[in-house]
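With this note's numbering, letter number 130 in the sequence shown gets 160, and the count goes up by one each step, no holes. Ideal placement from N, C-alpha and C gives every residue a C-beta, glycine not left out.
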Amino acid sequence: MKFSKKLGFLAVLILAVALVAGCGGQPADEGSGDQIAPESIKIGLNYEISGAVATYGGNTVNGIELAAKEINANGGVLDGTQIELVKMDNKSDAAEVTNVQTRLITVENVLASIGPATSTNTLAAIPVAMDNEVPLLTTSATADKVTVDEATGAAKEFAFKICFNDSYQGNVGANFVAGSLQLKKAAVYEDTNSDYSKAIAKVFKESFTALGGEIVAEESYVDTDQDFKSTLTRIKAANPDVIYLPGYYKNVGMIVKQAREIGITVPFVGADGYDSPELVSLGGAENLNNVFFTNHYSSQD
Numbered sequence: 031m032k033f034s035k036k037l038g039f040l041a042v043l044i045l046a047v048a049l050v051a052g053c054g055g056q057p058a059d060e061g062s063g064d065q066i067a068p069e070s071i072k073i074g075l076n077y078e079i080s081g082a083v084a085t086y087g088g089n090t091v092n093g094i095e096l097a098a099k100e101i102n103a104n105g106g107v108l109d110g111t112q113i114e115l116v117k118m119d120n121k122s123d124a125a126e127v128t129n130v131q132t133r134l135i136t137v138e139n140v141l142a143s144i145g146p147a148t149s150t151n152t153l154a155a156i157p158v159a160m161d162n163e164v165p166l167l168t169t170s171a172t173a174d175k176v177t178v179d180e181a182t183g184a185a186k187e188f189a190f191k192i193c194f195n196d197s198y199q200g201n202v203g204a205n206f207v208a209g210s211l212q213l214k215k216a217a218v219y220e221d222t223n224s225d226y227s228k229a230i231a232k233v234f235k236e237s238f239t240a241l242g243g244e245i246v247a248e249e250s251y252v253d254t255d256q257d258f259k260s261t262l263t264r265i266k267a268a269n270p271d272v273i274y275l276p277g278y279y280k281n282v283g284m285i286v287k288q289a290r291e292i293g294i295t296v297p298f299v300g301a302d303g304y305d306s307p308e309l310v311s312l313g314g315a316e317n318l319n320n321v322f323f324t325n326h327y328s329s330q331d
């Protein structure tokens, strides 16, 4: 994404949070007349600044900080209110996500929070936000259940997102494989520790078979795995035309590299979790031919 586009995107995000926050808080006394805007509002950042998906968290935080700086320099929001960011590192760990969200709300007294980046981590933060009635907004947690209660179908009152859902990109991936690539037999390889991976894989399988495709193999891994060759060997034996691999860049890079090493040459198709410069260094540029993924934007635009 061009930097100006990213800045604009994040500026809209922070303004949205500020406006949501401005609608809450303590009600004014009746007949109190004009209200004086606060000097600043505190927005918490609960992001993966270190750990397995630090690319996502670090880059997003950089953009948010730059956007806040420019917004503040141009007069702030809500009639001159400045944005004060409180940044905390959740270390790409779901347990730490909960701790960070609790500290942001109960210690730092933030009015709203942004993040985390991934679906699993955002789902760990949402109960804290909901219990304390503090709005949470995520830029990139694509799991449908981030904002919708699976049991009731109702929207979660204090959880918001500005990205597409996994049901959308799983369906787009299936249509790309069946339509654009004209492939009929798919293997699905998912991370069973990841809400994100499982949700996209489920939709892909449903959509692909509805389009006349066949799922010839289903294998799984967990995000801490290092050696994927045994499951990849089983996938190879099923002779698929394509491997659908919804996962994050660190696993994907290793998986694609090991797949090519054992002679798997078919395309890999995945989702927005591939989007990191580290994918090339982990997988090797020579191994990433015929690798495709859905994403929120095109870097060519």
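| field | Coarse secondary structure for Asn319, derived from DSSP in three states | value | Coil.
Requested in this report: Spell out the partners DSSP gives Gln112 in its beta bridges.
Outcome: According to DSSP, which records beta bridges pairwise, Gln112 is partnered with Ser70.
**Message:** Please tell me whether Ala301 and Gly203 are closer than 8 angstroms, where the distance is taken between their beta carbons.
**Reply:** Their beta carbons are under 8 angstroms apart, which means Ala301 touches Gly203 by this criterion.
Exercise for review: Could you name the residues that DSSP lists as bridge partners for Ala216?
Suggested key: Checking the DSSP bridge columns, you'll see Ala216 partnered with Ile245, Val272.
request  = Find out if the Cβ-Cβ distance for the pair Thr177, Ala189 is shorter than 8 angstroms.
outcome  = One thing to note: Thr177 has its Cβ within 8 angstroms of the Cβ of Ala189.
Phe234, enclosing beta strand (DSSP E) - first and last residue: Unbroken run through Phe234 is the alpha helix (DSSP H), 225–240; no beta strand (DSSP E).
Count Cβ pairs between the stretch 255–264 and the stretch 228–236 that sit closer than 8 angstroms; are there 3 or more? No, because fewer than three Cβ pairs between the stretch 255–264 and the stretch 228–236 fall closer than 8 angstroms, the two stretches do not touch.
**Request:** Pick out whichever of Ile79, Gly106, Lys99 has its Cα sitting closest to the Cα of Met3.
**Result:** Here the chain covers residues 31 to 331 and nothing more, so residue 3 does not appear.
Assuming contact is defined by CB atoms lying nearer than 8 angstroms, are Val272 and Val296 in contact in what I supplied? Closer than 8 angstroms, so yes.
Quiz item: Quick one, are the C-beta atoms of Gly298 and Leu312 less than 8 angstroms apart?
Solution: Just to set this straight, residue 298 is Phe in the shown sequence, not Gly. When the beta-carbon positions are compared, Phe298 and Leu312 stay at least 8 angstroms from each other.
Taking the alpha-carbon of Phe323 as reference, which of Ile192, Ile101, Gly200, Gly110 has the nearest alpha-carbon?
The shortest C-alpha separation from Phe323 is found at Gly200.
Review point. In three-state terms, what does DSSP make of Val158?
Key: In this structure, DSSP gives Val158 a helical state, which the three-state scheme calls helix.
Three-state secondary structure (DSSP) of Tyr278 = Per DSSP, reduced to three states, the secondary structure at Tyr278 is coil, with no helix or strand assignment.
Is the distance from the Cβ of Val2 to the Cβ of Val164 below 8 angstroms?
Nothing can be reported for residue 2: it is not among the residues displayed for the chain, which extend from 31 to 331.
- Task: Could you spell out the range, first to last residue, of the alpha helix (DSSP H) harbouring Gly300?
- Result: Taken as a continuous stretch (DSSP letters only), Gly300 belongs to no alpha helix (DSSP H), being part of the beta strand (DSSP E) at 298–300.
- Query: Would Pro307 be called buried (16 or more neighbouring beta carbons within 10 Å of its own) or exposed?
  - Reply: Pro307 should be labelled exposed.
With a threshold of 6 angstroms on Cβ separation, who are the neighbours of Val135 within its own chain once the five nearest residues in sequence on each side are excluded?
The sequence as given places Ile at residue 135; Val does not occur at that position. Around Ile135: Asn162, Val164.
**Request:** Select from Gly88, Ala240, Pro157 the residue whose C-alpha is nearest the C-alpha of Val207.
**Result:** Looking at Gly88, Ala240, Pro157, the one whose alpha-carbon comes closest to that of Val207 is Ala240.
query: Does the distance from the CB of Ala98 to the CB of Ile113 come in under 8 angstroms?
result: Judged by beta-carbon spacing, Ile113 lies within the 8 angstroms limit of Ala98, meaning their Cβ atoms are closer than that value.
Contact the stretch 100–110 vs the stretch 125–132: 3+ CB pairs below 8 angstroms: Judged by pairs of C-beta atoms under 8 angstroms, the stretch 100–110 does not touch the stretch 125–132, as fewer than three such pairs exist.
* Is the distance from the Cβ of Lys72 to the Cβ of Val127 below 8 angstroms? -> Contact: no.
Quick one: Cα of Leu45 to Cα of Ile94, how far? Confidence at Leu45 is low in this model, with a pLDDT of 48, below 50, so its placement is unreliable and no value can be given for it.
message: For Asp305, count the other beta carbons within 10 Å of its own beta carbon; 16 or more makes it buried, fewer makes it exposed. Which is it?
response: Asp305 should be labelled buried.
Next item on the list: Could I get the ranges of all uninterrupted beta strand (DSSP E) runs contained in the stretch 176–210, with 3 residues as the minimum, in chain order?
Entry: Runs found: 189–191.
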